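Engineer:
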Amino acid sequence: MTTPDPVPRPAPDPAPGDPRGAGPVEEAPEADGTWKRMHPVTPLVRGWAVLAVLLFFVVQQGGGDLLPFGGDGGEPPREYVGVALLVQLGLLAVGAFLIAVWSYVTWRVTRFRVGDEVVELRTGVLNRQHRRVRLDRLQAVDVVQPLVARLTGLSELKLEVAGGSGSDVSLAYLRSAEAQRLRRTLLARAAGVRVEEGQEAPEAPEREVLQVPVDRLVGSMLRSGWTVAVALVVVAAVVAVVATGSPGFLVGGLPAAFGVAAGLWGSFSRGFGFRIAASPDGLRLRHGLTETRAQTVPPGRVQAIRLSQPFLWRGPDWWTMQMDVAGYASASSEDAGKATVLLPVGTREEAVRVLSLVVPDPGVDDAAAVLGAGLTGTGTAAGWVDAPRSSRWLDPVAWRRNGFRVTRTALLCRRGRLTRQLDVVPHERTQSLSLEQGPLQRRLGVATVVAHATPGPVTPRVDHLAAPAAAALLAEQSHRAATARRSAGPERWMTALAAEQGAGTQDPSVGGAPAPAAAEEPAGPSAPDAAAATTAPGGAAPGSAPAPDLDAGATSPAVDPSLERPGDHDGWARPDGRPGTPEGP
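If you want it as structure tokens, here you go:
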């Protein structure tokens, strides 16, 4: 199995592009392990695809193409057929030999070693590279098994690090047992647990939370808007064929049908056997049919969560969940799409259960009502702040859904009428904020606030708020984020968990590492005018204001008094374990 394992609850993560995650890091200590090579079968696993393409090309070329002569009618004389076959086999042999030599040389020069605080990788034949990954910057460790690797008993170990493009490191391929052992060792050392060379790091216990049934996965794909659209097109084409007697309409729709079928197969293969388990080092996700992937996602590494419900899923009340993780931002779009799915399809109860594992403390007393209003509600129920009526000219369909709610621990943003969306952003994960106001918005007195975390599928935003409310949210959320980051836990999360357990705090195996509580915020001056939003330093988005560190004695904007009562919570569900459902539409 593949297994991504991130590092739970870190202190402030480096911003995307921060060179401290991977690459040459001068201040990183040297690794003290021995240099090792990948598995000897690695060249075969890596080179089979290139060899298959070469074989297809050679076979596809006929003797007439390879030998530019022939008899009458363009057919080659019979005596030259054998020559053409020999030429094809010779080209194939030469190509296979060159691929084998290159793969072998690449395998020989690729080495890695694991130390107490850093992993080093040396690669490259013509262009040599020496990269270091600091374990205290590790975001996730994924064990991935493509189909060919599974057949040979090998696995790829991916080290996901917060940083720019290409900051992730891949150890491909290792024996599956060795990959799992190395994964445990890296997680233990990254968490602050000393594991000596040659010792076996123990596997953290886990408790299964849920498993997605195959029939539900298939049903979710059949209820996809693309599936329905293609079905309608095919039906229309069949009707046209029957009416006209010409198959041209049907043939013209086949490419689109095949494209959608390929997309559906990819979704089915990625979501097959999707399981979620809770362990002391975070959430463990396992899924995949042709390519299996196992991830361990510590709640502290999750930057933002999105719950979505397409229109056709409302009948069974299904939801899907995505997440932003700093390490996955540097992966390819295909890998990131596979790794950022937190729940492909689940009931509302299951989605709330998973949310409670990632964000254990809702930060509000009536969490069920707040969450229910965010999932399906409109207006100002449960303390939500909605968009003004004037915004209907900019968003006539969904303006009633636009709004936000702030708790002690997170910012909640909702939007979408046909496809409902709810974004949850822990305060300490807000890296910067921006206030956007176009000409029409300025004329209507509204503005949009965007919360920036790491790149990913989740971009929390509140569309078309009243300009004063948007300016207040910008200033207040900046202060909340700065306060929460100062209270965030250390990178060595296992050390922190041991201290917390000694103090009698919650068992992390139940809900992951408990999120740090934000400090209380004193009342202060009113929020600045919307036009006062400035560009955030350090590469933030244009027009964004980074969460500032307030000096001693500085005051913050006024905060809802209900946010300053810690109280006791049962996650995001009602006492009976069910999510709340708001009154009204």
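Whatever position you read off the sequence shown (first residue = 1), add 13 for the working numbering.
Glycine residues also receive a C-beta, built at the ideal position from the N, C-alpha and C atoms.
Everything numeric in this text was worked out from a predicted model, so none of it was measured.
Grouping DSSP H, G and I as helix and E and B as strand, with all else coil, what is R428?
Structural biologist: strand
Engineer: Report the three-state DSSP secondary structure of R163 (helix, strand or coil).
Structural biologist: helix
Engineer: With a 10 Å radius around its C-beta and 16 neighbouring C-beta atoms as the bar for buried, classify G451 as buried or exposed.
Structural biologist: exposed
Engineer: Would you check if there are 3 or more beta carbon pairs closer than 8 Å linking the segment 212-232 to the segment 245-255?
Structural biologist: no
Engineer: Any idea which residues DSSP pairs K171 with across the strands?
Structural biologist: Beta-bridge pairing links K171 to D155 and S183.
Engineer: Over the uninterrupted alpha helix (DSSP H) stretch that includes D228, give me the two end residues.
Structural biologist: Counted as a single uninterrupted DSSP element, the alpha helix (DSSP H) harbouring D228 occupies residues V227 to L235.
Engineer: Note the first and the last residue of the continuous beta strand (DSSP E) segment covering L199.
Structural biologist: Note, L199: premise wrong, no beta strand (DSSP E); alpha helix (DSSP H) at S189 to A203.
Engineer: State the beta-bridge partners of H300 as determined by DSSP.
Structural biologist: R306
Engineer: State the CB to CB distance for the pair R124 and R135, rounded to an integer number of angstroms; the pair is presumed to be in contact (CB under 8 Å).
Structural biologist: 5 Å
Engineer: By a C-beta neighbour count over all protein chains shown, 10 Å radius and 16 as the cutoff for buried, is R220 buried or exposed?
Structural biologist: By the 10 Å Cβ count, R220 comes out exposed.
Engineer: Do you know whose CA, among S183, A244 and I289, lies nearest R224's CA?
Structural biologist: Note on identity: in this sequence residue 224 is Gln, with Arg being the wrong assignment. Nearest C-alpha to Q224: I289.
Engineer: Measure the beta-carbon distance from A466 to D337 and round it to whole angstroms, keeping in mind my assumption that it falls under 8 Å.
Structural biologist: 5 Å
Engineer: Are R194 and L148 closer than 8 Å when you measure CB to CB?
Structural biologist: In this structure, L148 does not lie closer than 8 Å to R194 by Cβ.
Engineer: Three or more C-beta pairs closer than 8 Å, one from the segment 367-385 and one from the segment 419-426: is that the case here?
Structural biologist: yes
Engineer: Can S116 and R50 be called in contact, C-beta distance under 8 Å?
Structural biologist: no
Engineer: Ignore the nearest five residues each way along the sequence and tell me which others in V127's own chain have a CB closer than 6 Å to its CB.
Structural biologist: Counting only Cβ-Cβ distances below 6 Å, and skipping sequence neighbours, we find G46.
Engineer: Since A501 is in the alpha helix (DSSP H), which residue starts that stretch and which ends it?
Structural biologist: No alpha helix (DSSP H) contains A501, which DSSP labels as neither H nor E.
Engineer: In three-state DSSP terms, what is H477?
Structural biologist: strand
Engineer: Between P357 and L230, is the Cβ-Cβ spacing less than 8 Å?
Structural biologist: yes
Engineer: Should the segment 380-387 be regarded as contacting the segment 442-462, the criterion being three or more beta carbon pairs within less than 8 Å?
Structural biologist: no
Engineer: What number of angstroms, rounded off, separates the C-alpha of V459 from the C-alpha of P401?
Structural biologist: 8 Å
Engineer: Under 8 Å, with one C-beta from each stretch per pair, do the segment 230-241 and the segment 294-313 reach the 3-pair mark?
Structural biologist: no
Engineer: Helix, strand or coil for T136? Go by DSSP, reduced to three states.
Structural biologist: strand
Engineer: Looking only at its own chain, which residues have a Cβ that is under 6 Å from the Cβ of L368, when we skip the five neighbours before and after it?
Structural biologist: W585
Engineer: For L263, I'd like the list of residues in its chain whose CB is within less than 6 Å of its CB, leaving aside the five on either flank, ordered along the chain.
Structural biologist: Counting only residues of its own chain and dropping the five nearest sequence neighbours on each side, L263 has a CB closer than 6 Å to the CB of A250 and V254.
Engineer: What residue range does the beta strand (DSSP E) around V354 cover?
Structural biologist: V354 to T360
Engineer: Does the beta-carbon distance from A307 to Q152 come in below 8 Å?
Structural biologist: no
Engineer: In the DSSP assignment, what are the bridge partners of W332?
Structural biologist: G359
Engineer: Do you know offhand how far T309's Cα is from L102's?
Structural biologist: 47 Å
Engineer: Tell me L320's beta-bridge partners as DSSP assigns them.
Structural biologist: M334 and L435
Engineer: Could you tell me the distance, in whole angstroms, from the CA atom of P481 to the CA atom of Q434?
Structural biologist: 24 Å
Engineer: Can you tell me where the beta strand (DSSP E) holding L223 begins and where it ends?
Structural biologist: R220 to Q224
Engineer: Between T360 and Q335, is the Cβ-Cβ spacing less than 8 Å?
Structural biologist: With respect to the 8 Å criterion, T360 and Q335 are not classified as neighbours on the basis of their beta carbons.
Engineer: Considering only their Cβ atoms, is the gap separating A494 from T443 smaller than 8 Å?
Structural biologist: yes
Engineer: Are the CB atoms of A440 and T461 nearer to each other than 8 Å?
Structural biologist: For the sequence presented, residue 440 should be read as His rather than Ala. Against a cut-off of 8 Å, the Cβ pair of T461 and H440 comes out as no contact.
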